[in-house]
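Chemist: Chains B and R, in that order, are what the protein sequence lines are. According to this note's numbering, the first sequence is numbered sequentially starting from 650. According to this note's numbering, the second sequence is numbered sequentially starting from 650. C-beta atoms are modelled at their ideal positions from N, C-alpha and C, and glycine is treated no differently. A quick note: this is a predicted structure, and the numbers were derived from the prediction, not measured.
There are 2 protein chains.
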Amino acid sequence: MRSELLDLILGLLPDTHPRPELRAFYAMLRDYPQRGGKGLRSELLLLSAQAHGARQGTPQWQSALWLGAVIELFQNWVLIHDDIEDDSEERRGKPALHRLHGLPLALNAGDALHAYMWAAVEQAGVPGAYREVLTMIHRTAEGQHLDLDWVARREWDLSEADYLEMVQLKTAYYTVIIPLRLGALAAGCLPSDAFTPAGEALGSAFQIRDDVLNLLEDAGNYGKEIGGDLLEGKRTLIVLHWLNAAPAKQRAVFLEQMALSRADKDPARMAEVLNWLRQSGSLDHAQDYAAQQGERGLALLREALSGAADPAAVANMLGLARSYVTREA
Amino acid sequence: MRSELLDLILGLLPDTHPRPELRAFYAMLRDYPQRGGKGLRSELLLLSAQAHGARQGTPQWQSALWLGAVIELFQNWVLIHDDIEDDSEERRGKPALHRLHGLPLALNAGDALHAYMWAAVEQAGVPGAYREVLTMIHRTAEGQHLDLDWVARREWDLSEADYLEMVQLKTAYYTVIIPLRLGALAAGCLPSDAFTPAGEALGSAFQIRDDVLNLLEDAGNYGKEIGGDLLEGKRTLIVLHWLNAAPAKQRAVFLEQMALSRADKDPARMAEVLNWLRQSGSLDHAQDYAAQQGERGLALLREALSGAADPAAVANMLGLARSYVTREA
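Here it is, written out as structure tokens:
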């Protein structure tokens with residue numbers, strides 16, 4: 650993440666208080682933002698602002714920076730709550746917040762960080778940004794509900810189309826569509842309608858790449874535990890594709906393990922499942938699909954921005970969007 | 650709650666979706682608001698708006714109604730998350746949301762409802778309301794952190810002053826101070842500075858009355874489980890006052906039980922503790938303190954509103970504020 654952005658975020662969050670308990674609370678709010686997120690989404694937003702004509706050092710650029718802070722604060726509070734919902738162990742190479750402080754305190758800290766995100770929206774002062782942030786939260790929460798509901802009901806009778814609908818809600822809005830739109834608004838432009846289909850394609854590609862990385866043995870730079878999605882019973886394109894053609898015995902072992910809680914899953918059995926998945930060709934299928942969606946999204950985006958104010962920024966933006974599908978971490 | 654308010658809330662929340670899972674999600678968002686909360690806080694806000702000169706049927710009144718919806722939506726998303734944090738069993742006579750749908754889905758629904766609260770802020774269109782809502786969330790989350798942190802660390806070495814600082818943050822802002830201020834803003838008036846000390850006194854009185862009701866055997870209309878606070882290890886003025894003078898043996902039994910999780914607590918021992926508390930005079934002490942704080946708050950409020958536009962509304966408002974301390978449910 651750009652250092653100016655982190656400075657804005659840390660300047661917005663409270664720091665000190667006469668009561669030691671509340672100093673500790675403030676430190677919890679500052680924890681995830683300081684763990685060095687890559688800041689891909691705010692970078693996309695800033696490149697979109699630049700492509701639409703916002704120049705560094707102008708009030709428009711300052712607004713774009715604040716909206717970048719909004720996107721990063723959004724991701725941070727959502728991650729605190731996601732980590733609780735999935736009972737994840739790690740986040741960005743350290744224990745998840747609720748593993749450090751217990752669930753109740755971490756949940757409450759996520760709520761407080763959510764409110765500071767709205768304080769950043771106010772700082773940006775960009776007409777229309779408010780509605781975009783509401784849409785981002787609504788769609789992300791809907792996608793998250795689908796994901797969690799399938800886990801809770803142990804629903805595996807799902808098509809690849811079901812998965813794509815889920816990730817288009819859960820990932821595409823906050824990762825691509827809304828950053829692109831907020832960048833345009835910060836520059837005083839009307840966002841292109843094509844940002845939605847472009848973002849759905851690129852967002853799916855991004856999430857599928859994330860799912861692939863989560864299963865690769867050598868994803869050393871990746872900030873989450875390898876195979877964690879599988880232990881959490883997450884639906885991925887890889888698993889759904891494999892399950893569709895898996896031998897009956899493998900399928901039965903998989904569904905048996907998926908009916909158990911994370912703690913009750915048999916590590917040896919789960920290692921077998923991981924091997925079957927890796928040997929099945931489903932990782933390649935998912936990666937190919939992600940690449941194809943990525944190209945589709947890039948083409949749509951290139952066309953939507955063909956008359957943009959700053960062609961060099963458009964090129965940088967397309968390069969960043971391309972890295973969504975090829976990234977190693 | 651006034652029916653116009655519930656109509657605004659239910660009209661704002663989404664209702665239908667092609668996917669059954671998302672229809673179920675929307676039903677979760679609509680659940681707590683439909684359980685018939687008393688709407689004390691929105692009522693206080695509306696009476697404050699009226700006292701400051703907002704007349705029914707005017708655009709100012711419509712803004713006040715939207716801000717009433719904000720306060721109710723705030724309470725509802727906070728209650729969903731509180732019930733998770735405390736692992737409460739019931740809310741308004743029915744199972745808590747996370748007991749119906751599991752923790753992950755309920756947590757996510759609370760986040761979505763939080764965002765719909767911000768949509769209601771936008772609908773109100775009242776300058777300055779945004780800042781008030783931010784302050785309300787920040788102070789409430791800080792108070793909630795103190796409360797939860799003491800539970801998590803099994804901290805019982807606390808004074809009555811510690812308790813009061815906690816409830817002034819946790820309860821006073823969203824129950825009194827911010828409703829009073831938002832009512833004034835809806836009517837186009839600058840809120841009186843005296844609303845803060847008045848609200849701190851009345852808010853403490855309200856929370857202490859809540860704590861007292863939670864321990865009374867015959868609180869039949871009360872929407873939470875009797876003695877639930879004790880099982881959850883909540884710090885209350887009653888417990889802190891009793892603990893200060895309790896015989897060493899009673900104190901030891903209490904601390905021993907408090908070191909256990911809710912499920913591990915011995916029901917017979919806890920019934921003994923409840924009896925000691927009820928016989929100690931600490932309930933009377935707390936009730937007397939609440940009454941005294943209530944009178945102080947009322948006097949401050951009466952003075953602050955001595956020149957108000959609508960004296961009849963001020964009288965209704967003072968009557969409502971008085972009921973905070975005498976309520977039976």
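#1: If we define contact as Cβ-Cβ less than 7 Å, is alanine 801 of chain R a contact residue for chain B?
#2: Just to make sure I have the definition right: I need the residues of chain B whose C-beta is within less than 9 Å of the C-beta of phenylalanine 674 of chain R. Which are they?
#3: Cα separation between glycine 848 of chain B and threonine 885 of chain R?
#4: Pull up the CB-CB distance for isoleucine 887 of chain R and valine 861 of chain R, whole angstroms please, since I reckon it's below 8 Å.
#5: Run the CB neighbour count on isoleucine 789 of chain B, radius 10 Å, all protein chains shown included, and call it buried at 16 or more, exposed below.
#6: From alanine 835 of chain R to arginine 803 of chain R, what does the alpha carbon distance come to, in whole angstroms?
#7: Would you say glutamate 734 of chain B and leucine 756 of chain R are within 7 Å of each other, going by their C-beta atoms?
#8: So is lysine 819 of chain R buried or exposed if we call it buried at 16+ other beta carbons inside 10 Å?
#9: Under 7 Å between beta-carbons, which chain B residues line up against alanine 767 of chain R? List them in chain order, please.
#10: Taking the alpha-carbon of leucine 694 of chain R as reference, which of R/Phe844, R/Lys883 and R/Ala895 has the nearest alpha-carbon?
#11: How about alanine 713 of chain R and alanine 700 of chain R: are their beta carbons less than 7 Å apart?
#12: Which residue comes first and which comes last in the alpha helix (DSSP H) that contains glutamate 670 of chain R?
#13: Which one of B/Asp913, B/Leu746 and B/Tyr779 has the shortest CA to CA distance from asparagine 725 of chain B?
#14: Find the residues of chain R that neighbour leucine 671 of chain B, judging by a C-beta separation of less than 8 Å, and give them in chain order.
#15: From leucine 829 of chain R to alanine 778 of chain R, what distance separates their C-alpha atoms?
#16: Using a beta-carbon distance below 7 Å, is glutamate 921 of chain R in contact with chain B?
#17: Quick one: Cα of lysine 883 of chain B to Cα of isoleucine 827 of chain R, how far?
#18: Would alanine 970 of chain B and glycine 702 of chain B be called neighbours here (beta carbons separated by less than 7 Å)?
#19: Taking only beta-carbon positions, decide if glycine 774 of chain R is within less than 7 Å of chain C.
#20: Rounded to whole angstroms, what is the Cα-Cα separation between lysine 914 of chain R and proline 744 of chain R?
#21: DSSP on proline 708 of chain R, reduced to helix/strand/coil?
#22: Return the CA-CA distance between valine 770 of chain B and alanine 833 of chain B, expressed in angstroms with no decimal places.
#23: What residues from the region 751-762 of chain R come within 7 Å of chain B, judged by C-beta to C-beta, listed N to C?
#24: Would you say alanine 764 of chain B faces chain R, with C-beta separation under 7 Å as the test?
#25: Just to confirm, are phenylalanine 723 of chain R and methionine 766 of chain R a CB contact at a threshold of 7 Å?
#26: Using a Cβ cut-off of 7 Å (strictly closer), state whether histidine 701 of chain B contacts chain R.
#27: Report the neighbours of isoleucine 720 of chain R on chain B: residues whose CB is nearer than 9 Å to its CB, in chain order.
#28: Run down chain B in chain order and give the residues with a C-beta less than 9 Å from the C-beta of isoleucine 887 of chain R.
#29: Answer with buried or exposed for arginine 672 of chain B, where buried requires no fewer than 16 other C-beta atoms within 10 angstroms of its C-beta.
#30: If you draw a straight line from the alpha carbon of leucine 851 of chain B to that of arginine 858 of chain R, how long is it in whole angstroms?
#31: Examine the ligand NAD and report whether any of its heavy atoms sits within less than 6 Å of the Cβ of leucine 696 of chain B.
#32: One question on the structure: do arginine 684 of chain B and arginine 741 of chain B come within less than 7 Å of each other, judged by their Cβ atoms?
#33: Measure the Cβ-Cβ separation of glycine 943 of chain R and alanine 810 of chain R and say whether it is below 7 Å.
#34: Please tell me whether glutamate 781 of chain R and leucine 831 of chain R are closer than 7 Å, where the distance is taken between their beta carbons.
#35: Should glutamate 849 of chain B be flagged as near chain R, meaning a C-beta pair shorter than 7 Å?
#36: By the three-class DSSP mapping on this structure, what secondary structure does arginine 780 of chain B have?
Modeler: This is what the structure gives:
#1: yes
#2: Ala790, Glu791, His794, Leu795 and Asp798
#3: 51 Å
#4: With 8 Å as the limit, isoleucine 887 of chain R and valine 861 of chain R qualify as a contact, their Cβ atoms being about 7 Å apart.
#5: The sequence given here has threonine at residue 789 of chain B, not isoleucine. Label assigned to threonine 789 of chain B: buried.
#6: 43 Å
#7: yes
#8: buried
#9: Looking at the sequence shown, residue 767 of chain R is not alanine but tryptophan. Here the neighbours are Trp767 and Leu783.
#10: R/Phe844
#11: no
#12: 669-680
#13: Taking only the C-alpha atoms, the option nearest asparagine 725 of chain B is B/Leu746.
#14: The contact set of leucine 671 of chain B on chain R, defined by CB atoms closer than 8 Å, consists of Glu791, His794 and Leu795 in chain order.
#15: 12 Å
#16: no
#17: Lysine 883 of chain B and isoleucine 827 of chain R: Cα-Cα distance of roughly 41 Å.
#18: no
#19: The displayed structure is made up of protein chains B and R, and chain C is not among them.
#20: Straight-line Cα distance between these residues: approximately 21 Å.
#21: helix
#22: Going by the C-alpha atoms only, they are around 15 Å apart.
#23: Gly751, Pro753, Leu754, Leu756, Asn757, Asp760 and Ala761
#24: yes
#25: yes
#26: At a cut-off of 7 Å between beta-carbon atoms, histidine 701 of chain B makes no contact with chain R.
#27: Residues of chain B passing the Cβ test: none, with the nearest at roughly 15 Å.
#28: Those do not exist, as isoleucine 887 of chain R stays about 22 Å from chain B at its closest Cβ, beyond 9 Å.
#29: exposed
#30: 54 Å
#31: This structure lacks the ligand NAD; in fact it carries no ligand of any kind.
#32: Yes, the pair counts as a contact, with Cβ atoms nearer than the cut-off.
#33: no
#34: Yes; because the gap between Cβ atoms is below 7 Å, this pair is in contact.
#35: no
#36: Correct three-state label for arginine 780 of chain B: helix.
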